[in-house]
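Asker: Mapping of the sequence shown onto this note's numbering: residues 560 to 1112, in sequence order.
Each residue gets a CB set at the ideal place from its N, CA and C atoms; glycine is no exception.
Sharing a structure below in C-alpha cells format, with a few things to ask.
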Amino acid sequence: MFNNVSAVLVCSLVLFVSTASAGQNAAVAMPDRYSAIASSKVLKDGGNAIDAAIAAQFVLAVTLPEAGNIGGGGFMTIYKDGQANFLDYREVAPQKAHRDMYLDKNGHVIPNLSLYGILSAGVPGSVDGMWKAHKKYGTKSWQALIAPAIELAEQGHIVHPKMWDNIEWRIKTFDEQGIKVNFSKHFGHAKAGELFKQPALASTLKRISKFGRDGFYKGETAKLFSQFMEENGGIINETDLANYQAVWREPIVYNWRDHTVITAPPPSSGGIAILQWLTMFDLVKGEQKLAHNSTDYVHVLSEIGKRVFADRAEYLGDPDFVNVPVEPLLNIDYLKSRAKNISFDKISATNHIKPGLKESTDTTHFSIVDQWGNAVSNTTTINYTFGSGVVIDELGFLLNDEMDDFSAKAGVANVFGAVGGKANEIQPNKRMLSSMSPTIMLDNGNVKLVTGSPGGTTIISSVYQSILNAMEFDMDVKQSVNSARFHHQLWPKDQIEHYSGIDASVLKSLHDLGYNTIQGSFGDVQLIIRSGDKYHAASEAGELNRGMSITLE
Ligand code: DON
C-alpha cells in the first residue's frame, strides 16, 4: 500500500533535464482582464514569464485593489531555464511590533486590532520583490513593465461589478463594526461600469518606475509613508522601509507520483501542507480509485486535513526565526505513521489530533507559462479583502493587514480560523505564517501544471484539489478549476466547508459520519495545464468572476 511516494528533496536551483517535448505555446491565467491583457502583451513582445509577472503584479495593484498591491507582499515560484527558484516577498513585522501588541491588559485579544486599521499592517514587500525578480530574470525594461499600471491608474480603468460589490460590502461592514479607516474616502466613489482614476497611486508608481526599489522604500514615498504613520498612530517608520528585503529561498521540490512538485517553503505553510495532503491521500487510498467528491473522497481528505493543520499550528513559522522541521514533516515514514489510523468508516476525535513529530476573502494569484516553457506561479496579498482598509492618503495605495496572520495569542484563531503558537508569535522583523502556495508541477523536466489560489487557509485545499482534479481525475483545465471543492482544517471541530455541487447524498453520509457541512465558496484558482504539446489556461468561473485566461499560439 505505502509504496508509490518518493522522498522529499529540499533544494534550490535544481537543474531539471527535460526529456519530453514541452508545450509549444504561452499562456496566462489571471484574476482580471487588465492583468491578462498586459501580461500576454509582454509575452507576445518577447518578454519571459517573469517580465509578464512583474507587469501583472503592478497592474493588479491598480485594477484589483481588494488584493493586488504594492502595499502588501507575496510569494513567487519560478521555473526558468530548467531551474527552480522561489522569491519570498512577504511582509515583515515592524521593529516596534511585539508579541503582545494586540492584547489588552488582562491578556485578552483586542477584537479587530490585528485585522483592520493602521496597526494591522506589516512592512510591504511587493515592490522589492518585483525589483529583485527583475534584477535576476528581467529582459524588458523596468519602466516598460510598470507603464501599463501607470496608465491604468492615471487614465482610469472600468470598474468590474465584482469590485463595486466588494467596495459596497466593505464600506457597509466597516460601518457596522465601527471600524474607523479612510477606505471609503478613496474607493467610495468607484461605480460599476465607470472609469475610476487613481492619481495619487499613479504618482507613487511613477516614482517606483523612475527610482526602482528606492522609489518606494526611500525618498519621497518613504517620507510620506512614515509621516502618515506618525500622524495616525502607526508604527512603521523610514528605517523599517529602508531595511525591508525580499529573499530568495530554496523552494520545496518533492516527487509525487511521477511528477516533480515545486512549491512554497516556509514562511508559507502551504507547500508542506499540499505535499502532506497529496502524499497521505495516496497512502490511505492505496490502489483504490475513489470517485470525485464522493463521501469516501471528502472524508479521507478531511481526515488528512486534521493532521495537516495540527502540524501547521505547532511547527510552522518564519524559518529565519524558528527552526521549521521541513524534512521531518515530509518524511515518508512520518506520513505513513500519520495516515495509518485514518479510517474510511469513522471520523477521528478532533481533540485527539495533535501535532505529530516526536521532537520538538483577499489574495490574488496568477499563473504564466512563456514561449520557452518557463513558468511563474505568483500569489500576492494584502490579506483580508482591501487589507487594513487604510490608504496612505498621498500615496494612494492600500496597506495590508498581514499582522493578523501571526498568532496574536497562542490558541486564539485569526480571521481564517487558523490557530498557532510559539512558532508564529510576533517578533520584530519576523514574517508571519502564510498559506499561500504558488506551485509548479513538472513531468520529465517540463512544466505540466501551474496553479495557485487566494482564500486564506482554504488556499491549501484549492491548490491540492486543483492538482488532484487534473492528475487523479484527468479533468481538463476548465473542469479542474470549476468543479466543487471542500475544505477541512481541524478547527472548527468536524466542519467541512464546501462549494455547491457536492451531491446531497454525499452530504447526508458526511453528516451521518459526524461532520457538519457549510456551503460557501472560497478561492479563485488560476490554472495552466499542458496536455499533449499545448498549454491550456483557465481562470475560475471566468469573466463572471472577473478572471481571464489567454492562450497564445
Ligand atoms: O498569507 C496568507 O495565508 C493570507 N494572508 C492570505 C489571505 C487570503 O488569501 C485572503 N483571500 N481570500
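Using three-state DSSP, classify Trp815 as helix, strand or coil.
Answerer: For the purposes of this step, residue 815 is taken as the residue at position 256 of the sequence shown. Three-state result, Trp815: strand.
Asker: Span of the beta strand (DSSP E) holding Gly633?
Answerer: In the sequence shown, the residue the question calls residue 633 occupies position 74. It spans Gly632 to Lys639 - the beta strand (DSSP E) in which Gly633 sits, taken as one unbroken run.
Asker: Can you grab the Cα-Cα spacing for the pair Ala869 / Asn900, in whole Å?
Answerer: Numbered from its first residue, the sequence shown carries residue 869 at position 310. Numbered from its first residue, the sequence shown carries residue 900 at position 341. Going by the C-alpha atoms only, they are around 15 angstroms apart.
Asker: By the 10 Å Cβ neighbour count, where 16 or more other Cβ atoms means buried, how is Glu1102 classified, buried or exposed?
Answerer: Residue 1102 sits at position 543 when you count from the first residue of the sequence shown. Under this definition Glu1102 is an exposed residue.
Asker: Taking the DSSP output, what are the residues bridged to Thr939?
Answerer: The count along the sequence shown starts at 1 and reaches residue 939 at position 380. When beta bridges are read from the DSSP output, Thr939 appears opposite Gly633 and Thr923.
Asker: Check whether the Cβ atoms of Val883 and Pro825 sit closer than 7 angstroms, and answer yes or no.
Answerer: Numbered from its first residue, the sequence shown carries residue 883 at position 324. Numbered from its first residue, the sequence shown carries residue 825 at position 266. Yes, the Cβ-Cβ distance between Val883 and Pro825 is below 7 angstroms.
Asker: Give the secondary structure of Asn584 by DSSP, where H, G and I count as helix, E and B as strand, and everything else as coil.
Answerer: Residue numbering aside, residue 584 sits at position 25 when the sequence shown is read from its first letter. If DSSP states are grouped into helix, strand and coil, Asn584 belongs with coil.
Asker: So, with DSSP's three-state summary, where would you put Met1107?
Answerer: Walking along the sequence shown from the start, residue 1107 turns up at place 548. In this structure, Met1107 counts as strand in the three-state DSSP scheme.
Asker: On the three-state DSSP scale, how would you describe Met1000?
Answerer: As a working note, residue 1000 is residue 441 in the sequence shown. DSSP places Met1000 in strand when its eight states are reduced to three.
Asker: Give me the Cα-Cα distance between Thr938 and Ala692, rounded to the nearest whole angstrom.
Answerer: Counting from one through the sequence shown, the residue named residue 938 turns up at place 379. Counting from one through the sequence shown, the residue named residue 692 turns up at place 133. Distance between the alpha carbons of Thr938 and Ala692 is about 14 angstroms.
Asker: For Glu918, which of helix, strand or coil comes out of DSSP?
Answerer: Sequence index remark: in the sequence shown, residue 918 carries index 359 (1-based). Because the pLDDT at Glu918 is just 49, under 50, the model does not fix this residue reliably, and the value given afterwards should be weighed accordingly. In this structure, Glu918 counts as coil in the three-state DSSP scheme.
Asker: When every heavy atom of the ligand DON is checked, does at least one fall within less than 6 angstroms of the C-beta of Thr940?
Answerer: Position 381 of the sequence shown, counted from the first residue, corresponds to residue 940. In this structure, Thr940 has its CB closer than 6 angstroms to one or more heavy atoms of the ligand DON.
Asker: Could you tell me the distance, in whole angstroms, from the CA atom of Trp1050 to the CA atom of Ile831?
Answerer: Sequence index remark: in the sequence shown, residue 1050 carries index 491 (1-based). Sequence index remark: in the sequence shown, residue 831 carries index 272 (1-based). Cα-Cα distance, rounded: 19 angstroms.
Asker: Is Val950 helix, strand or coil when you go by DSSP?
Answerer: The residue you call residue 950 lines up with position 391 of the sequence shown. Three-state DSSP puts Val950 in a strand.
Asker: My output table needs one value for Asn722: the three-state DSSP class, helix, strand or coil.
Answerer: Locating residue 722 in the sequence shown gives position 163, where the first residue counts as 1. The question names Asn, but residue 722 in the sequence shown is Met. Three-state DSSP puts Met722 in a helix.
Asker: Could you tell me the boundaries of the alpha helix (DSSP H) in which Gly861 lies?
Answerer: Here the question's residue 861 lines up with position 302 in the sequence shown. Here residue 861 is Ser; the residue named in the question, Gly, does not match the sequence. Thr854 to Tyr874 is the extent of the alpha helix (DSSP H) around Ser861.
Asker: Would you mind reading off the limits of the alpha helix (DSSP H) that contains Tyr533?
Answerer: A query on residue 533 cannot be resolved here, the shown segment of the chain reaching from 560 to 1112 and no further.
Asker: Does DSSP put Phe755 in a helix, in a strand, or in coil?
Answerer: The residue given as residue 755 occupies position 196 in the sequence shown. In the displayed model, Phe755 falls within a strand according to three-state DSSP.
Asker: Would the C-beta of Thr922 count as close to the ligand DON, meaning under 6 angstroms from any of its heavy atoms?
Answerer: Position 363 of the sequence shown holds residue 922. Yes - the ligand DON has a heavy atom lying nearer than 6 angstroms to the Cβ of Thr922.
Asker: Below 8 angstroms CB to CB, which residues in the same chain sit around Tyr893 once its five sequence neighbours on both sides are set aside?
Answerer: Against the sequence shown, residue 893 aligns to sequence position 334. Contacts found: Pro887, Gly915 and Leu916.
Asker: Apart from the five residues on each side of it in sequence, which residues of its chain come closer than 6 angstroms, Cβ to Cβ, to Ala579?
Answerer: Position 20 of the sequence shown, counting from 1, holds the residue named residue 579. Caution applies to Ala579, whose pLDDT of 43 falls short of 50 and renders its modelled position unreliable; the value that the coordinates give is listed next. Within the same chain, Ala579 has close Cβ partners Asn1003 and Asn1005.
Asker: For a test of your reading of the model: does the CB of Gly946 fall under 6 angstroms from any non-hydrogen atom of the ligand DON? Yes or no.
Answerer: Here the question's residue 946 lines up with position 387 in the sequence shown. Checking every heavy atom of the ligand DON against the Cβ of Gly946, none is found closer than 6 angstroms.
Asker: List in chain order: all unbroken beta strand (DSSP E) runs of 3+ residues lying wholly within the segment 638-724.
Answerer: 642-647
Asker: Starting from Ile1007 and walking both ways along the alpha helix (DSSP H), at which residues does that stretch end?
Answerer: Start at 1 with the first residue of the sequence shown, and residue 1007 comes out as number 448. Going by the sequence as given, residue 1007 is Lys instead of Ile. Where Lys1007 is concerned, there is no enclosing alpha helix (DSSP H), although the beta strand (DSSP E) it sits in stretches over Asn1005 to Thr1010.
Asker: Is the CB-CB distance between Ala586 and Ala1096 below 7 angstroms?
Answerer: Indexing the sequence shown from 1 puts residue 586 at position 27. Indexing the sequence shown from 1 puts residue 1096 at position 537. Inclusion of Ala586 and Ala1096 in the CB contact set at 7 angstroms is warranted, their separation being smaller than that value.
Asker: Using DSSP with H/G/I as helix, E/B as strand and the rest coil, what is Ser1059?
Answerer: Along the sequence shown, read from residue 1 onward, the residue named residue 1059 stands at position 500. In this structure, Ser1059 counts as coil in the three-state DSSP scheme.
Asker: Got a sec: does the ligand DON put a non-hydrogen atom nearer than 6 angstroms to the Cβ of Asp964?
Answerer: Taking the first residue of the sequence shown as position 1, residue 964 is located at position 405. The answer is yes for Asp964.
Asker: In angstroms, rounded to a whole number, what distance separates the CA positions of Leu568 and Val1022?
Answerer: In the sequence shown, counting from the first residue as 1, residue 568 sits at position 9. In the sequence shown, counting from the first residue as 1, residue 1022 sits at position 463. Residue placement at Leu568 cannot be trusted, given a pLDDT of 46 that sits under 50; what the coordinates show is reported in the next sentence. Their Cα atoms are separated by approximately 20 angstroms.
Asker: Mind the definition here: the segment 669-686 touches the segment 954-970 only if three or more C-beta pairs lie below 8 angstroms; say whether that holds.
Answerer: yes
Asker: Extract the residue ranges of the beta strand (DSSP E) inside the segment 1037-1097, only unbroken runs of 3 or more that lie entirely within it.
Answerer: 1054-1057, 1075-1078 and 1085-1090
Asker: Could you pull the start and end residues of the alpha helix (DSSP H) that Arg897 belongs to?
Answerer: Walking along the sequence shown from the start, residue 897 turns up at place 338. Annotation for Arg897: the continuous alpha helix (DSSP H) segment containing it runs Ile891 to Ala898.
Asker: List the whole-angstrom C-beta distance separating Ile613 from Leu704, where the pair is believed to meet the contact cut-off of C-beta under 8 angstroms.
Answerer: By 1-based counting over the sequence shown, the position of residue 613 is 54. By 1-based counting over the sequence shown, the position of residue 704 is 145. So it is a contact: roughly 5 angstroms between Cβ atoms.
Asker: Taking buried to mean at least 16 other C-beta atoms within 10 Å of its own C-beta, is Pro758 buried or exposed?
Answerer: On the sequence shown, position 199 is the one that residue 758 refers to. By the neighbour-count rule (16 or more Cβ atoms within 10 Å), Pro758 is not buried but exposed.
Asker: Give every residue of the same chain whose Cβ lies closer than 8 angstroms to the Cβ of Ser907, excluding the five residues on either side of it in the sequence, and list them in chain order.
Answerer: Translated into the one-based positions of the sequence shown, residue 907 becomes position 348. Here the set comprises Glu862, Lys865, Asn900 and Ile901.
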